[in-house]
Amino acid sequence: MAQRKHLDDFLRGRIIGRLECGRTQLKVSEELGIAQSVISRLWQRFQDDGNVSRCYSTGRPRVTTPNEDRYLAVTAKRNRRSTASDMSRQLSSATGTTVSRQTVYRCLGHIGLYARRPVKCVPLTATHCRLRLAWSREHAL
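In my numbering, the protein residues as written are 2 to 142.
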């Protein structure tokens, strides 16, 4: 089965232009290598409402653009200690887009950046190392 992909607006315009010039749907589908059923549906929609733009899927519109998501990622990587609230304020001042703290969490989570609290470990002394090694030798199978 062939890979399915959406037709871009330029190709849709070419299809409608060829159909308006008098070519048949079958001829246009052969010329462009697109299924005749797709051409037929596109032509029918053009005749019904004069519009051939793609109807985007339902759902809440995104608040941030991909560029703003990238800005958040770069900011998070540069300022490792900044909080989500700080980053939402920075984004608002830089781009004018107001987002919540939770939105920043989600955006960073999608690209694999999660909040972690850095913990300072007490360095082991030579005595600690020696005692740990002795304990592990005693309890080895």
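In this text, a Cβ means the ideal position worked out from N, Cα and C, and glycines have one as well.
In this structure, the beta-carbon distance from ALA135 to LEU109 does not fall below 8 Å. The residues GLN26, LEU27 and SER30, in chain order, have a CB closer than 8 Å to that of GLN37 in the same chain once the five nearest residues on each side in sequence are set aside.
If you draw a straight line from the Cα of GLU21 to the Cα of LEU8, it comes to about 18 Å.
The count of Cβ pairs closer than 8 Å, one atom from the segment 55-65 and one from the segment 97-109, reaches three, so the stretches are in contact. When DSSP states are grouped into helix, strand and coil, TYR106 belongs to the helix group. The distance from the Cβ of ALA95 to that of TYR72 is about 7 Å, consistent with a contact at the 8 Å cut-off.
Within 10 angstroms of the beta-carbon of THR59 lie fewer than 16 other beta-carbons, which makes it exposed.
Looking at the backbone, the Cα of ASP49 and that of SER86 are separated by about 48 Å.
Residue burial is scored here from C-beta neighbours: THR126 has fewer than 16 other C-beta atoms within 10 angstroms and is therefore classed as exposed. Residue state for PRO62 is assigned as coil, using DSSP reduced to three classes. If you ignore the 5 residues before and after ILE17, its C-beta comes within less than 8 Å of the C-beta of LEU43, TRP44, PHE47 and VAL53, all in its own chain and listed in chain order.
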